[in-house]
Amino acid sequence: MVKEEIKKRVIELKKDINYHNYRYYVLNDPVVSDYEYDMLMTELKEFETKYPDLITPDSPTQRIGEELIGKFSQVEHTIPMLSLENTYSYEEVHKFDKRMQRELGTKPAYTVEPKIDGFAVSIIYQDGILIQASTRGNGIVGDDITNNIRAIKSVPLRLLGETRHIVSLHKNLMNIEVRGEVVMPKNSFDRINKEREQQGEPCFANPRNAAAGTIKHLDPKVVAKRNLDMIVHTIPDPPENFTDHYTLLIELSKIGLKTNPHIKLCTSIEEAIEFCTEWEPARWNLPYEVDGMVIKVNSFAYQKQLGFTIKNPRWAVAYKYPATQITTKLENIILQVGRTGTITPVAVLAPVRLGGVTVSRATLHNADEIARKDIRVGDTVFIERSGEVIPEVIKPVTDNRTGEEKVFILPDHCPACGSKLVRYEGEVAWRCENLSCPPQIERRIGHFASRNAMDISGLVMS
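Residue numbers (numbering that gives the first Met the number 0): 0 to 461.
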């Protein structure tokens with residue numbers, strides 16, 4: 000092939016791979032096999048290796064950048080990134096609607112969608128190419144996280160304009176700022192915490208904290224391994240030829256951006272509330288965490304008329320679901336030994352249904368935390384799905400005490416091997432330093448065979 004033909008083939012490969020990424024990571028509906036996709040990537044890599052001058056920033060091969068040395072640079076938002084006003088009852092939602100009707104002089108239509116419990120970010124595209132991403136920060140200035148956002152596979156490096164797969168759309172969408180939530184899917188969260196536990200590292204408290212910690216990591220390679228996702232929900236400066244939020248989100252989904260498929264256009268606040276009620280139990284089936292529903296005035300003209308307060312858009316409100324807490328009996332406290340010997344106390348509970356699952360164990364973090372909360376064996380305790388995922392003991396119900404409850408005392412010796420426990424200065428964790436301790440050996444072997452190490456599948460621990 001002559002150089003001009005190679006250049007055309009490279010452009011075609013990029014378009015094809017971007018489209019297949021969209022089908023796989025955004026629509027969850029691939030149209031080629033993994034093998035066919037890998038062959039396209041291999042062909043592109045071979046051309047770029049032989050002709051480095053054909054490599055462009057939007058190439059699918061350029062997602063993972065180099066580790067950042069030092070700290071993130073700062074980005075000033077052209078339009079402030081504000082938070083939403085929270086409401087906790089349908090009475091407050093009705094008050095919001097009455098205020099909207101009073102100020103607009105009419106009944107507005109609303110869009111309603113699940114409120115994703117993630118980490119807010121902004122992404123800017125120029126000529127369809129991702130050029131900058133930043134965190135919310137203080138709403139005025141955030142951190143430049145462009146390299147880390149590029150490592151999220153559901154985020155397109157180049158928007159889908161006119162291609163042989165998709166006939167365009169709106170050319171002015173190629174120059175746009177979008178905002179949304181970076182999330183860690185529940186299955187990724189569970190996998191990462193299991194790996195961290197095996198490695199003797201502290202577990203993330205919930206998927207939101209995990210997403211925030213990951214997106215602020217200095218090494219994009221770590222971001223790429225943790226399988227983050229991003230869902231777009233806001234366009235701070237909508238193109239003039241779009242009149243409403245709902246229609247614009249539909250169009251954004253056609254050019255490669257992942258939006259929430261569960262959004263609904265409602266003609267009344269009663270319909271909006273009904274949709275919120277439907278989603279309270281259904282949210283547990285979603286792959287990511289949801290802690291409420293977002294209600295927005297759909298018309299951009301009405302949004303502009305209503306404006307903003309110092310902290311919030313006046314045309315939107317977040318209805319937050321009640322906290323997921325319940326009481327149960329703390330029957331025992333057992334100790335788990337991690338890969339590095341860290342001793343972690345775990346509450347054994349009378350089984351109870353919480354957030355759609357049966358909970359029989361919950362984290363107690365460490366001995367100092369147990370003492371601080373005055374949690375005793377035999378207590379009736381409040382438990383909560385922290386971040387609505389990890390069960391956590393919040394506090395005891397002291398009024399229910401009978402006098403038979405037992406104060407927890409951390410033993411001096413390892414529950415597995417009997418070695419003396421130690422605690423280093425400045426740490427809260429107690430450790431077993433016996434390298435022959437059976438649980439440590441088992442977890443070290445598991446870590447050795449894990450995906451982040453030797454990636455051995457089919458290993459059976461007995």
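The beta carbon of each residue, even a glycine, is placed where N, CA and C say it ideally should be.
- A direct Cα-to-Cα measurement between residue 285 and residue 114 gives close to 12 Å.
- For the options 4, 22, 14, the alpha carbon positioned closest to that of residue 253 is the one of 22.
- Residue 235 places its beta carbon less than 8 Å from that of residue 178.
- Between the C-alpha atoms of residue 158 and residue 296 there is a straight-line separation of about 27 Å.
- Within a 10 Å sphere around the beta-carbon of residue 425 sit fewer than 16 other beta-carbons, which makes this residue exposed.
- A contact is defined here as three or more CB-CB pairs under 8 Å, and the stretch 332-341 fails this definition with respect to the stretch 147-158.
- When C-alpha distances from residue 25 are compared across 396, 251, 325, the shortest belongs to 251.
- Annotated three-state conformation of residue 399 is helix, per DSSP.
- Comparing alpha-carbon positions, the option among 27, 134, 334 lying closest to residue 409 turns out to be 334.
- 8 Å or more divides the Cβ of residue 182 from the Cβ of residue 292.
- Cβ-Cβ distances below 7 Å link residue 271 to 109, 111, 265, 294 in the same chain, with the five nearest sequence neighbours on each side left out; the list follows chain order.
- Nearest C-alpha to residue 137 among 275, 125, 74, 187: 74.
- Closest in C-alpha terms to residue 276, from the list 92, 152, 309, comes 92.
- Contact check for residue 381 against residue 394 passes: the beta carbons are separated by less than 8 Å.
- Assignment of residue 65 by DSSP, reduced to helix, strand and coil, places it in the coil class.
- In this chain, residue 410 is not harboured by any alpha helix (DSSP H), its DSSP state being neither H nor E.
- In the structure shown, residue 236 falls within a coil segment according to DSSP collapsed to helix, strand and coil.
- Boundaries of the beta strand (DSSP E) around residue 319: 315-319.
- With a minimum length of 4 residues, the unbroken runs of alpha helix (DSSP H) contained wholly in the stretch 5-90 fall at 33-49.
- Distance between residue 1 and residue 227, taken at the CA atoms: about 40 Å.
- Per the DSSP secondary-structure output, residue 131 pairs in a beta bridge with 123.
- With fewer than 16 neighbouring CB atoms inside 10 Å of its own CB, residue 399 falls in the exposed class.
- Around residue 192, the same chain offers 202, 203 as residues with beta carbons nearer than 7 Å, after the five sequence neighbours per side are excluded.
- Take the alpha-carbon of residue 360 and the one of residue 308: they are about 44 Å apart.
- Bounds of any beta strand (DSSP E) do not take in residue 339, whose DSSP letter is neither H nor E.
- DSSP places residue 212 within a helical segment (H, G or I) once states are collapsed to three.
- One thing to note: residue 455 has its Cβ within 8 Å of the Cβ of residue 448.
- Residue pairing by DSSP places residue 304 in no beta bridge whatsoever.
- Contact annotation: residue 213 and residue 231 have beta-carbon atoms that are not nearer than 8 Å.
- For residue 71, same chain residues with a beta-carbon under 7 Å away, outside a window of 5 residues either side, are 142, 143, 144 in chain order.
- Using a Cβ-Cβ distance cut-off of 8 Å, the stretch 322-329 and the stretch 213-225 are not in contact, since fewer than three pairs of beta carbons, one from each stretch, lie closer than that value.
- Cβ-Cβ distances below 6 Å link residue 62 to 149, 150 in the same chain, with the five nearest sequence neighbours on each side left out; the list follows chain order.
- Per DSSP, residue 264 is one residue of the beta strand (DSSP E) stretching across 263-265.
- Partner residues in the beta bridge of residue 109, as assigned by DSSP, are 265, 296.
- Following the DSSP letters along the chain, one finds residue 180 inside the beta strand (DSSP E) bounded by residues 175-182.
- Under the three-state reduction of DSSP output, residue 229 falls in the strand class.
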